[in-house]
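> Residue numbers (full-length UniProt numbering), protein chains in the order written: chain A, 1 to 377; chain B, 1 to 377; chain C, 1 to 377; chain D, 1 to 377; chain E, 1 to 377. The following block contains the structure, expressed as structure tokens.
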Amino acid sequence: MGYTVTDREATRQAREQQVGQRPGTLNVREEAMKPRLFLMAYDENTFIEEEYTDRYDELLVWLRDHPELKHWIDVRGYGDLALMEQLMHDFGLHPLQMEDVLNDYQRAKVEVFDDHRLFMVSRMTDFTRNLEIDDDQLSLFTGPNYVLSFQDDYDDCLDSLRTRIRSNFSTLRRRPMLYLAYALTDVVLDHYYPTMAAIGDYIEELEEAIFADKRPRRLLNRILRIKKDVVRFRRLVYPERDKIAEILRLPDEVMPEELKIFYRDAYDHAIQALDLAESYRDNISSLTDLYLSDQGNRMNEVMKVLTIISTIFIPLSFVVGLYGMNFQHDDGHGHVLPLNMPELYKPWGYPMVLGLMFIVVMIQLVYFYRKGWLTNR
Amino acid sequence: MGYTVTDREATRQAREQQVGQRPGTLNVREEAMKPRLFLMAYDENTFIEEEYTDRYDELLVWLRDHPELKHWIDVRGYGDLALMEQLMHDFGLHPLQMEDVLNDYQRAKVEVFDDHRLFMVSRMTDFTRNLEIDDDQLSLFTGPNYVLSFQDDYDDCLDSLRTRIRSNFSTLRRRPMLYLAYALTDVVLDHYYPTMAAIGDYIEELEEAIFADKRPRRLLNRILRIKKDVVRFRRLVYPERDKIAEILRLPDEVMPEELKIFYRDAYDHAIQALDLAESYRDNISSLTDLYLSDQGNRMNEVMKVLTIISTIFIPLSFVVGLYGMNFQHDDGHGHVLPLNMPELYKPWGYPMVLGLMFIVVMIQLVYFYRKGWLTNR
Amino acid sequence: MGYTVTDREATRQAREQQVGQRPGTLNVREEAMKPRLFLMAYDENTFIEEEYTDRYDELLVWLRDHPELKHWIDVRGYGDLALMEQLMHDFGLHPLQMEDVLNDYQRAKVEVFDDHRLFMVSRMTDFTRNLEIDDDQLSLFTGPNYVLSFQDDYDDCLDSLRTRIRSNFSTLRRRPMLYLAYALTDVVLDHYYPTMAAIGDYIEELEEAIFADKRPRRLLNRILRIKKDVVRFRRLVYPERDKIAEILRLPDEVMPEELKIFYRDAYDHAIQALDLAESYRDNISSLTDLYLSDQGNRMNEVMKVLTIISTIFIPLSFVVGLYGMNFQHDDGHGHVLPLNMPELYKPWGYPMVLGLMFIVVMIQLVYFYRKGWLTNR
Amino acid sequence: MGYTVTDREATRQAREQQVGQRPGTLNVREEAMKPRLFLMAYDENTFIEEEYTDRYDELLVWLRDHPELKHWIDVRGYGDLALMEQLMHDFGLHPLQMEDVLNDYQRAKVEVFDDHRLFMVSRMTDFTRNLEIDDDQLSLFTGPNYVLSFQDDYDDCLDSLRTRIRSNFSTLRRRPMLYLAYALTDVVLDHYYPTMAAIGDYIEELEEAIFADKRPRRLLNRILRIKKDVVRFRRLVYPERDKIAEILRLPDEVMPEELKIFYRDAYDHAIQALDLAESYRDNISSLTDLYLSDQGNRMNEVMKVLTIISTIFIPLSFVVGLYGMNFQHDDGHGHVLPLNMPELYKPWGYPMVLGLMFIVVMIQLVYFYRKGWLTNR
Amino acid sequence: MGYTVTDREATRQAREQQVGQRPGTLNVREEAMKPRLFLMAYDENTFIEEEYTDRYDELLVWLRDHPELKHWIDVRGYGDLALMEQLMHDFGLHPLQMEDVLNDYQRAKVEVFDDHRLFMVSRMTDFTRNLEIDDDQLSLFTGPNYVLSFQDDYDDCLDSLRTRIRSNFSTLRRRPMLYLAYALTDVVLDHYYPTMAAIGDYIEELEEAIFADKRPRRLLNRILRIKKDVVRFRRLVYPERDKIAEILRLPDEVMPEELKIFYRDAYDHAIQALDLAESYRDNISSLTDLYLSDQGNRMNEVMKVLTIISTIFIPLSFVVGLYGMNFQHDDGHGHVLPLNMPELYKPWGYPMVLGLMFIVVMIQLVYFYRKGWLTNR
């Protein structure tokens, strides 16, 4: 089935190959995509957007020549070790941090440089069609006039933010550089909700299926799979919440008070996402209870049918067997044996036996009805 | 069934549409009601009450002209974005806070402005007929001579408080402005109890139904639904308790000691509500145990009937089958075969077989009685 | 059954009627008893005891005239709102505290007045015959030369303490006024043990009943009921422990070090009571496991009987049915059909069939014995 | 069965009789043994050991005359109230502490006197043959040149320590007085391991019994009993760990740093014992799962036998019943009814029916084999 | 089965023999291997590697003569008490720490000497073929120019680190002495991942087996065994995480800030390992649910077959029994009894009965099909 593959494989591939390596050794996974570089440079009045893929040197020149602008350097794909090392060198990143970026399975966290720059990791989630949470890592480095972001895929969930930056009327352009880092975090957080909504819809679907007495195949497997998703989602979001809480505790010279109010809002959102996840967990646990009780009920139903049929027919079978006995009315020598089954020789014998059996059945049916076994309780 | 719709839908609608939006962007949900504005202005000797719906400008004039009075500005309904933005601007509210007000699915919380004003969110609960907790948000902003409250519905649970303010003898009128914020919080807390009582009554009803061996249809569904309510109630009240605890930790210049004593009382009430919720959780868990054990007992009962019927009749059927065999007393050539079922030719054969079967049944009944299967244990 | 009525009802009655009331509004429940007032005045050499019911004014005079004595003012019954308000006024109690006293469902707690006086709430427990924990509230206010106690009932668990005070040789008389408050708390704590012991006895009784294979009616109900008691007891005692812990953290000018050593002892006792409660919870959970496993065993036993009977007789019934077939030895035209059941015409046919069936039964019995189904495992 | 008697009885006896007594009142339980007094006096070069039972005065004289030696005063048995009170008075013990000593059911704890002396309580465990944890209390008071220890029994687990003191080469004799208190605590801790090992052995025995498909009688009772032991053991050791943690937090003038390093070691041991207890809990919970699954498997097995037998013979019985019907080949008036069971008059009728039944059985056996019901899965 | 032997035995052997011994007494277990001594001496330009087994004196000489180099003294095997005591003496180790080294069952921990040297314990894990976690202890002492490591086995998981040191280009050689201690800790942490991966593979295998409806023998045993491994792994890694957290809290003069950044990275790794372990626990718990539900489904399936067979044939058997009754068409005296089973004398009697039975069977099959009992739901 492979539905645990994703996270274990990710971790294993990322780590097994480096057992015993020097910590901070950069490794690029084989399947990593060729990096593409995008730049957005803006201030209140200016906005320039350009792709610098394969033109990293020109990007550096641009950055040196325009210190007054705010820059979002957007690196997508890790598949070029030399470029990664050059970025690490040029932007003064720690090898361990760069290792975190490239390993691509890192809990959400924030780290502060001595010069007050920040390194943040967020996890972007997506809910795929086959009920799996797909999560990617977004790594951010902030600098005085840039935010440097890394991610593995070319596609991401940040386009709405790009659109906002492109707009001439965006307040985002007037805010300090660090606000961009917040905005990125916030977009990631916002994308948790569609994931949650998809999970919630699926849970509700299962609920309705059980309530409608339509039991899909492998129902328990599905319940457990969605449970796994919810558990995984919580494990993704808890560090996100902790990260934001840590940001809120940063000194004001690192994170200005005017930005903290936004993080406080983000913190509330993270808490709400966790609340919802807890609520889903409760629902799933109730679903499991329902499933198991339903299983028991089906067994009871089967047993009831068996019992009713048996209880009705077993006595009847006895009666008909009784009158199938071959006790002889005469002993073969002409002597009548009047005690041996005289009923068989009565004119009303057969109708009376039929009547008797009818009465027995009626009594049983009344008993079963009173027990509630005939109604579908 | 839809019984998880409420909270998930609320959150989804509120958030999905704003994925990628600038944080602090105000959105008014389509179904939001047209705002109505009410004012209560009072001090120890004065009391004026007036509706200012569609007359917001006049309200502002009044407020400017009567700084010496205490005002409760009571906004019900969010369905006018322009008015909401004007309120935000005129009362100096932060866009993120205004967003919290309008999103209408916010955990209870308190935030302090730099100028010591407070922003509080409470959740008002109601227990609807079809066993759902209906919760609405009450958002409060305090100022030196006003409390500005927002809620989505025209109807609320605050009428008892309004009656108290209207009374000439109310101590409330003599107390500081902030006391009104407390009084609002307290009324909301007080309304948790009828909700809890309704839940408690329902649990008791289910308990009694099980104990009386009357098993309503879909009992487990009902148990799980009420469990969901209790879980939800706890999730509503925990933040309320934390909010009050945070208020108690506010410095005295923000929240005077003389008011904190009231919040301490409110804290006790919140704790008691949580206690009760915990107690309900225990009861519901016991109910589930009872239900499942009862399910097992029913199965046992069915099995017992089956066993008793089978065990009585199967041997009897064997006996009657035995004497239904066609072993011949003569070999067709006139030779008597004396060993072949001579019982059939005995004068007392039939009565003795009947007697034998009677004895077998008696032995079995005694055995079952001793096992306790005939009594309804 | 109503066994959850006690606490829910108490809370509901106490709170519903006051939804929307001004906090601190005093309410006297209808069924509250008429207050009786008792005074004990003592110092090392003096001891006076008198009932002042309906003579509250004389009590005040006495107190004013004898400031050098220590006084225990013992109010039993709340049924006189005017008196309650006068007490509140004369002893400088806060309306919210008085409300706590009269609501009579308050968690154990301690509050400190600005002038270092204390307000303490304890919960006294009693274990009634029908397996319910009956708990009453003891509210204490301490002053420089008095302890003012409130309780709802005329009967209480404090008589042993009264006897100690009456004794001329009691060290209690020599200790400071506050020691009396401790002594009252301690007596309440001591009364937790008989309650626990009664619960423990009952659990043990149920255990023994299960082990002795005597299954009382409604066993699971009983288990769940006693579980409810234990859970309730824990909810009563946890706040008591927290209260004492808070007393231990009080500054020395409020609670002198020489008294704290006694509270440390009380703290140990509270912890031990909670320990015992936890232990009971474990026992009850084991009982439930035993019960459910026992239920499964009974089902197994029923199934085994059914299986044994069926397995023995079904093949036999087949055999006797076989020889009850009417295949004809001649075709009605005088031709012998020698293949049609020649056994029926053999001289030893019947005995051999009986023998065959005996052998089959023997083989089956051996098989069942080996399976261990005949022994009562 | 009485296996909960030990702790509840101990507590009840100890506490019930003192409900309402003055806290700190000394009580000696009736069954308490007559106290025996032992003294070990030592320093680096000296070692004297003597029993002072019934010669308490001489003991005091010795202590007064030899202030330069270290003394271990070892009181075993509490059955002499006068002596206990004298000890309390002479060594300056607090009545509440003395009460703790004599009650003999006290959680492990440490208390510090104003003059830096210590009062410690440890619980010594023993695992009796009938699977019960037997625990005794060891109470210690430290002084400048003595350790005063109390215990209820004459026999204890401290002999190995005594042997070490007696040895001339023991470093213990050179260490400060307080080290003896540590050594006593450590010996008690060391004795937890044999108890744990005995519990572990028993769990493993039960595990092996289940795995070997040998199911001892009352297996679940045994599992639950050993679970009770483990739970009890944890409740004993947790306070011990907390006690040591508290000792580690004592200021250096009360507990010198050079001794704390030993307590740090003891702390590790306590943690390990708790780790082991947690591990046993997991094992026992797995055992319960195994037991219940095993119970279900047995039921399945019984059902399978029933099903196989019934499914094979019920159709066969139908067939033989079919040909036992008495439809007449002629209508009694000489007319042949050719449609009425002509099979009965065919020469190969009987063998063909036998063959048919054989084929039916074969088909069923193949079906069952494919279902895996014939193999013992 | 013995799968709990490892840890309990290890602890018991290590501790039972020393019950009552002086704490800090060194004991060498009988089966301990003869120690081998290895030295790596290096700085940026130098690298010397030599085995000093049985030449401890020469090792000391080397260390004294080369204070400028960094040394890793690598002791493998404890089986020489004299050497262990000499090491303890020469390197100034505390007897209690040396005892921890030799006991070889110690939780991960860190201790700081007064002179800022460190004592660290790590647990190295390995996952053996028969599904057991094999764990060994790595004990480290750091000094100004050496790291002294102890382990019980000759083989370990540190070879990758040795290779790195041997490399001329290793940055490790340029870093401070303490970095080696970190590198050792990190290698141990890295080796947790293959263990986790092996456990994860095994869980997935079991999952797939259940989903493929192939049920291996003793499936539950296997599930519980792997659960035990995961629980054990968590108990190993939690202290490791706590150790690293404690290192991060060490003052900078003990652990320089430049090294803490590496430990922060290690902390993240430990957290991830624990995350994975939690995730496995969830998976295993889902597996158990699946197993038990599967067990119930199998029972349902068996019951269904039984019910279908019985329900089809029991009525049929009644019918054929009915017409096997011997009611006589004449009373033996020539009088016809027309009511006694006239069907038997009808020309179409037999075919009609066959047809009737066919219709009954059809009706039942349709009923079962509608119930879904014929399809394999």
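Idealized CB from N, CA, C, for every residue including glycine. None of these values were measured; they are calculated from a predicted model.
Using the Cα positions of D:Leu-250 and C:Leu-250, report the straight-line distance between them to the nearest angstrom.
Translated into positions along the fourth sequence, residue 250 of chain D becomes position 250. Translated into positions along the third sequence, residue 250 of chain C becomes position 250. Computed Cα separation, rounded: 21 Å.
> Residues of the region 285-306 of chain E with a CB closer than 9 Å to any CB of chain D: list them in chain order, please.
Within the region 285-306 of chain E, the qualifying residues are Thr-288, Tyr-291, Leu-292, Gln-295, Gly-296, Arg-298, Met-299, Glu-301, Val-302, Met-303, Val-305 and Leu-306.
> Just to confirm my understanding: we take A:Leu-39, look at its own chain, exclude 5 residues before and 5 after, and list those with CB closer than 8 Å. What are they?
Here residue 39 of chain A refers to the residue found at position 39 when the first sequence is read from its first residue. Excluding sequence neighbours, A:Leu-39 sits near Ile-48, Glu-49, Glu-50, Glu-51, Tyr-52, Leu-59, Trp-62, His-71, Trp-72, Ile-73 and Asp-74.
> Let's test the definition: count the other Cβ atoms within 10 Å of the Cβ of C:Ser-317 and tell me whether it reaches 16, buried, or not, exposed.
Numbered from its first residue, the third sequence carries residue 317 of chain C at position 317. So C:Ser-317 ends up on the buried side.
> According to DSSP, is residue 401 of chain B part of a helix, a strand, or is it coil?
Missing from the structure shown is residue 401 of chain B; chain B here goes from 1 to 377 and no further.
> Contact criterion: CB-CB distance below 8 Å. Does D:Trp-348 meet it with respect to chain C?
Locating residue 348 of chain D in the fourth sequence gives position 348, where the first residue counts as 1. For D:Trp-348, the answer is yes, since a Cβ of chain C falls inside 8 Å of its Cβ.
> Buried or exposed, going by whether 16 or more other CB atoms sit within 10 Å of the CB of C:Phe-358?
The residue labelled residue 358 of chain C in the question sits at position 358 within the third sequence. Classification for C:Phe-358: exposed.
> Let me check understanding here. Comparing Cα to Cα, which of D:Ser-310, D:Leu-180, D:Arg-55 and D:Asp-156 lies closest to D:Tyr-263?
The residue you call residue 263 of chain D lines up with position 263 of the fourth sequence. Measuring from the Cα of D:Tyr-263, the nearest candidate turns out to be D:Leu-180.
> Cβ of E:Pro-256 less than 8 Å from any chain A Cβ?
Within the fifth sequence, the letter at position 256 stands for residue 256 of chain E. Closer than 8 Å: no.
> Runs of 4 residues minimum, wholly inside the region 55-112 of chain E: which ones carry the alpha helix (DSSP H) assignment?
Taking only runs of at least 4 residues, the alpha helix (DSSP H) segments lying wholly in the region 55-112 of chain E are 56-65, 81-90 and 95-103.
> Compute the Euclidean distance between the alpha carbons of A:Ile-223 and B:Thr-307, then round it to the nearest angstrom.
The residue you call residue 223 of chain A lines up with position 223 of the first sequence. The residue you call residue 307 of chain B lines up with position 307 of the second sequence. Taking the straight line from one Cα to the other gives about 36 Å.
> For C:Leu-219, which residues of its own chain have a beta-carbon under 8 Å away from its beta-carbon, when the five flanking residues on both sides are left out?
Translated into positions along the third sequence, residue 219 of chain C becomes position 219. Leu-206, Ala-209, Ile-210 and Tyr-291.
> Take D:Gln-106 and list the residues in its own chain whose beta-carbon comes closer than 7 Å to its own, dropping the five residues that flank it on each side.
Position 106 of the fourth sequence, counted from the first residue, corresponds to residue 106 of chain D. Asp-100, Val-121 and Gln-137, listed in sequence order.
> Would you say E:Gln-151 reaches chain A, if we count a Cβ-Cβ gap shorter than 8 Å as a contact?
Counted from its first residue, the fifth sequence places residue 151 of chain E at position 151. With 8 Å as the cut-off, E:Gln-151 does not count as an interface residue toward chain A.
> In the DSSP assignment, what residue or residues form a beta bridge with A:Glu-50?
As a working mapping, residue 50 of chain A is identified with position 50 in the first sequence. Bridge partners of A:Glu-50: A:Leu-39.
> Near D:Leu-161, what residues of its chain come up, given a Cβ to Cβ distance below 7 Å and the 5 sequence neighbours on each side ignored?
In the fourth sequence, counting from the first residue as 1, residue 161 of chain D sits at position 161. Once the five neighbours on either side are set aside, the close Cβ partners of D:Leu-161 are Ala-183, Leu-184 and Val-187.
> Determine the burial state of B:Ser-149: buried for a count of at least 16 other Cβ atoms within 10 Å of its Cβ, exposed for fewer.
Along the second sequence, one-based indexing puts residue 149 of chain B at 149. Result: buried.
> With respect to the alpha helix (DSSP H) encompassing E:Arg-232, which residues constitute its N-terminal and C-terminal limits?
Walking along the fifth sequence from the start, residue 232 of chain E turns up at place 232. Counting along the chain, the alpha helix (DSSP H) containing E:Arg-232 begins and ends at 219-248.
> At 8 Å on the CB atoms, spell out the chain A contacts of B:Phe-313, in chain order.
Translated into the one-based positions of the second sequence, residue 313 of chain B becomes position 313. In chain order: Ile-314, Pro-315, Ser-317 and Phe-318.
> May I ask which residues mark the beginning and end of the alpha helix (DSSP H) holding E:Tyr-192?
For the purposes of this step, residue 192 of chain E is identified with residue 192 of the fifth sequence, where counting begins at 1. Unbroken alpha helix (DSSP H) run through E:Tyr-192: 192-211.
> Please report whether the beta-carbon of A:Ile-363 lies at a distance below 8 Å from any beta-carbon of chain E.
Counting from 1 along the first sequence, the entry for residue 363 of chain A is found at position 363. Output row for A:Ile-363: interface = no.
> Considering Cα atoms alone, identify which of C:Lys-227, C:Tyr-267, C:Ala-198 and C:Asn-103 is closest to B:His-269.
Against the second sequence, residue 269 of chain B aligns to sequence position 269. Of the candidates C:Lys-227, C:Tyr-267, C:Ala-198 and C:Asn-103, the one whose C-alpha sits nearest the C-alpha of B:His-269 is C:Asn-103.
> Using alpha carbons as the reference points, say which of D:Ser-286, D:Ile-244, D:Cys-157 and D:Arg-232 lies closest to D:Glu-132.
In the fourth sequence, counting from the first residue as 1, residue 132 of chain D sits at position 132. When only C-alpha atoms are compared, the closest one is D:Arg-232.
> Out of D:Ile-226, D:Val-319 and D:Asn-300, state which residue places its alpha-carbon closest to the alpha-carbon of D:Val-360.
As a working note, residue 360 of chain D is residue 360 in the fourth sequence. Nearest of D:Ile-226, D:Val-319 and D:Asn-300 to D:Val-360, Cα basis: D:Val-319.
> The beta strand (DSSP E) spanning E:Val-147 covers which residue range?
Locating residue 147 of chain E in the fifth sequence gives position 147, where the first residue counts as 1. Taken as a continuous stretch (DSSP letters only), the beta strand (DSSP E) holding E:Val-147 covers 146-151.
> What does the alpha-carbon distance come out to for the pair C:Pro-338 and D:Lys-346?
For the purposes of this step, residue 338 of chain C is identified with residue 338 of the third sequence, where counting begins at 1. For the purposes of this step, residue 346 of chain D is identified with residue 346 of the fourth sequence, where counting begins at 1. About 10 Å.
> Does D:Asn-27 get closer than 8 Å to chain C when you measure Cβ to Cβ?
Reading the fourth sequence from its first residue, position 27 is the one you call residue 27 of chain D. So, not an interface residue.
> Count the other CB atoms, across all protein chains shown, that sit within 10 Å of the CB of E:Arg-370; report buried if there are 16 or more and exposed otherwise.
Here residue 370 of chain E corresponds to residue number 370 of the fifth sequence, with the count starting at 1. Answer is exposed; the Cβ neighbour count stays below 16.
> So who's on the other strand from E:Val-121, going by DSSP bridges?
As a working mapping, residue 121 of chain E is identified with position 121 in the fifth sequence. BP columns for E:Val-121 point to E:Lys-109 and E:Ser-139.
> Whose Cβ in chain C lies nearer than 8 Å to the Cβ of D:Lys-243?
For the purposes of this step, residue 243 of chain D is taken as residue 243 along the fourth sequence, with counting starting at 1. Neighbours of D:Lys-243 on chain C: none; closest Cβ ~12 Å, over 8 Å.
> Kindly indicate if chain B contains any beta-carbon less than 8 Å away from that of A:Leu-219.
Taking the first sequence and counting its residues from 1, one reaches residue 219 of chain A at position 219. With 8 Å as the cut-off, A:Leu-219 does not count as an interface residue toward chain B.
> Along chain A, which residues have their Cβ under 7 Å away from the Cβ of B:Pro-351?
Within the second sequence, numbered from 1, the residue matching residue 351 of chain B stands at position 351. Those within 7 Å of B:Pro-351 in chain A are Leu-339.
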